[in-house]
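Quick note: the sequence shown uses numbering that gives the first Met the number 0, first residue 0, plus one each step.
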Amino acid sequence: MMSRFSPTCARGARRKVLPHKVGKSHFTEMIHKLHQLEKQPGIFEKLIHIGKYHIGKEQLNEGEEKKDTLRTELMSRENLNKYIERIKADYDRLKKELANGKEDYIKGRYQEYLMECIKNNDYSDLLIADVIYEKEKKVLCVGEGNLSFSTLLQRKLCPCQVVATSMESPDVLLRNCGSIFSKNLKILESCGGIYVPGVDVEKIGDHFLHNTFDVIIFNFPFVLPSDDFIQTNWNIQKEKLHSDRNIFLKYYKKSEYLLLNRILYWLFKNGSLLLKESGFLHLRINDKYLTCDFSNTFSLSLLEKVDFSASYFVYKSLRYVPSMMNACGSSSEGPPSWKKNVMFTPRGKVFRSFKMGHTSTLVFQKGGGGDKSGASGG
Numbered sequence: 000m001m002s003r004f005s006p007t008c009a010r011g012a013r014r015k016v017l018p019h020k021v022g023k024s025h026f027t028e029m030i031h032k033l034h035q036l037e038k039q040p041g042i043f044e045k046l047i048h049i050g051k052y053h054i055g056k057e058q059l060n061e062g063e064e065k066k067d068t069l070r071t072e073l074m075s076r077e078n079l080n081k082y083i084e085r086i087k088a089d090y091d092r093l094k095k096e097l098a099n100g101k102e103d104y105i106k107g108r109y110q111e112y113l114m115e116c117i118k119n120n121d122y123s124d125l126l127i128a129d130v131i132y133e134k135e136k137k138v139l140c141v142g143e144g145n146l147s148f149s150t151l152l153q154r155k156l157c158p159c160q161v162v163a164t165s166m167e168s169p170d171v172l173l174r175n176c177g178s179i180f181s182k183n184l185k186i187l188e189s190c191g192g193i194y195v196p197g198v199d200v201e202k203i204g205d206h207f208l209h210n211t212f213d214v215i216i217f218n219f220p221f222v223l224p225s226d227d228f229i230q231t232n233w234n235i236q237k238e239k240l241h242s243d244r245n246i247f248l249k250y251y252k253k254s255e256y257l258l259l260n261r262i263l264y265w266l267f268k269n270g271s272l273l274l275k276e277s278g279f280l281h282l283r284i285n286d287k288y289l290t291c292d293f294s295n296t297f298s299l300s301l302l303e304k305v306d307f308s309a310s311y312f313v314y315k316s317l318r319y320v321p322s323m324m325n326a327c328g329s330s331s332e333g334p335p336s337w338k339k340n341v342m343f344t345p346r347g348k349v350f351r352s353f354k355m356g357h358t359s360t361l362v363f364q365k366g367g368g369g370d371k372s373g374a375s376g377g
């Protein structure tokens with residue numbers, strides 16, 4: 000599930016973007032914290048360590064094997080299914096291990112919450128990956144494209160109440176995502192989920208009752224600045240913009256960060272309104288965007304930075320397909336000879352600039368008040 004921003008803002012047509020005002024540098028205290036923050040393993044990965052399961056002939060103990068080794072193993076559906084079956088079969092034993100070794104395994108309030116989820120629920124009532132999703136929770140998925148993430152949650156955790164939103168109309172998504180969108184929409188609604196199109200992250204707070212959702216999910220936000228937007232905001236002529244690839248990339252990235260900062264500002268502002276007290280925001284993001292402006296998260300506090308890469312394969316096995324809108328004609332492409340570095344196309348092609356190995360899940364909580372022990376990565 001890739002997430003898009005309003006084409007009006009992305010194109011810079013009639014309305015000039017006025018993001019939340021920040022200092023000259025994006026590297027605020029919060030950003031330094033995000034960059035320096037050690038990634039915690041996802042709960043699925045942690046259970047593999049606790050269970051002391053095997054990769055091939057070698058036993059995997061916590062801290063002994065590189066994460067890349069586990070990630071490589073999980074790329075195999077056969078290996079992934081073996082891990083899932085082992086965790087399922089040993090679930091009661093893992094509960095006891097967590098309870099008895101709390102001081103060794105649990106660091107911070109958010110990990111205590113995850114332990115409570117495991118302690119108080121059967122395996123079938125949870126989706127365990129980078130984080131844990133529970134049945135009977137109200138979940139808002141922001142900026143859905145092909146609906147694959149919201150659909151897997153609703154199907155896996157029914158009667159979970161999932162609301163999926165997209166900025167685009169169904170016709171646009173059908174044209175750009177193809178049958179994967181229509182199939183997921185049918186499954187989502189048949190399982191009790193709700194789809195609401197035409198919802199911009201900037202206005203999402205006006206569409207739903209406040210204090211409604213237990214979890215808000217925003218997966219991999221991205222923007223596609225147009226030539227017009229770049230030229231208008233940086234006062235640069237098209238000829239100069241396209242005269243040199245380095246110049247083009249410089250202003251494209253500056254425009255990208257400008258728009259992404261605006262997305263984050265409205266996400267936190269509206270998320271703080273829509274979440275219940277103590278509700279969670281899960282923001283999955285390419286690590287290179289951790290330099291965006293996180294200086295104002297309103298009533299949401301950062302609890303943990305979680306490695307997403309290994310857990311991605313759990314979602315992939317449930318038919319999660321990260322997607323992006325085919326924005327041909329609506330974004331700046333530069334001269335035809337320049338290949339555009341974007342993420343995923345609706346057909347699943349991966350462009351070079353986006354690698355799952357460099358992705359994180361940022362966990363925020365409404366009224367969390369911060370968690371020094373959980374956020375330190377110590």
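Note that the Cβ used here is the ideal one computed from N, Cα and C, for glycine as well.
How many Å lie between residue i and residue j at the Cα?
i    : j    : result
T358 : L282 : 11 Å
K287 : Y264 : 18 Å
N145 : N99  : 42 Å
S75  : K315 : 11 Å
T150 : F217 : 14 Å
F312 : T68  : 14 Å
S123 : E115 : 15 Å
C176 : L317 : 18 Å
I117 : D199 : 35 Å
G197 : G142 : 10 Å
S336 : M355 : Reliability fails at S336, whose pLDDT of 49 lies under 50, so the model's placement of it is uncertain and no value is given.
I246 : K239 : 8 Å
N269 : T211 : 12 Å
K252 : N232 : 13 Å
S147 : L97  : 32 Å
N111 : D103 : Before going on, a small fix: residue 111 reads as Glu here, not Asn. Taking the straight line joining both Cα atoms gives about 12 Å.
K185 : V138 : 18 Å
H209 : I203 : 11 Å
I127 : N234 : 48 Å
S277 : D213 : 8 Å
According to DSSP, is residue i helix, strand or coil?
i    : result
S149 : helix
Y52  : coil
D306 : strand
Y122 : helix
E167 : coil
Y194 : strand
K38  : coil
L156 : helix
V349 : Since pLDDT at V349 reaches only 37, below the 50 mark, its modelled position is unreliable, and no value is offered.
K354 : coil
K137 : strand
V21  : Confidence at V21 is low in this model, with a pLDDT of 40, below 50, so its placement is unreliable and no value can be given for it.
Leaving aside the five residues before and after residue i along the sequence, list all residues of the same chain whose C-beta is less than 6 Å from its C-beta, in chain order.
i    : result
E44  : A309
D129 : G41, V305, F307, S310, T360
V195 : T164
I179 : N145
I86  : L46
N120 : none
R70  : S308, A309
T296 : F267
Would you kindly report the start and end of the unbroken alpha helix (DSSP H) that includes residue i?
i    : result
F361 : Note on identity: in this sequence residue 361 is Leu, with Phe being the wrong assignment. Taken as a continuous stretch (DSSP letters only), L361 belongs to no alpha helix (DSSP H), being part of the beta strand (DSSP E) at 358-365.
S298 : Run containing S298: none; DSSP gives neither H nor E here.
Y311 : 311-316
S181 : 178-189
Considering residue i, what are the terminal residues of the beta strand (DSSP E) in which it resides?
i    : result
E143 : Element bounds for E143: n/a, residue is neither H nor E.
Y132 : 131-133
Verify the contact flag: residue i, CB atom, against every heavy atom of the ligand ZN, threshold strictly below 7 Å.
i    : result
K249 : Of the ligands one can find in the structure shown there are none, so the ligand ZN has no counterpart to examine.
Leaving out five residues on either side along the sequence, give the residues of the same chain with a beta carbon under 8 Å from the beta carbon of residue i.
i    : result
L33  : L289, F293, L301, K304, L361
L299 : F267, G270, S271, L274, L280, F363, Q364, K365, G367
L188 : In the sequence on display, residue 188 carries Glu and not Leu. Result list for E188: Y194, in chain order.
Q236 : Q230
Only counting the same chain, and skipping five residues up and downstream in sequence, which positions put a Cβ closer than 7 Å to that of residue i?
i    : result
S181 : L173
P259 : It should be pointed out that residue 259 corresponds to Leu in this sequence rather than to Pro. Excluding residues within five positions, the ones whose Cβ falls inside 7 Å are P220, V222, Y288, C291.
C157 : C190, G191
E135 : P158, C159
N78  : E72
G50  : R85, I86, D89, L93
N183 : N145, L146, S147, T150
Q: Quick one: which unbroken alpha helix (DSSP H) runs of 4-plus residues sit fully inside the segment 78-115? Chain order, please.
A: 90-99, 101-104
Q) Residue ranges of each alpha helix (DSSP H) run of no fewer than 4 residues wholly in the segment 209-292, ordered along the chain? A) 226-233, 237-240, 244-273
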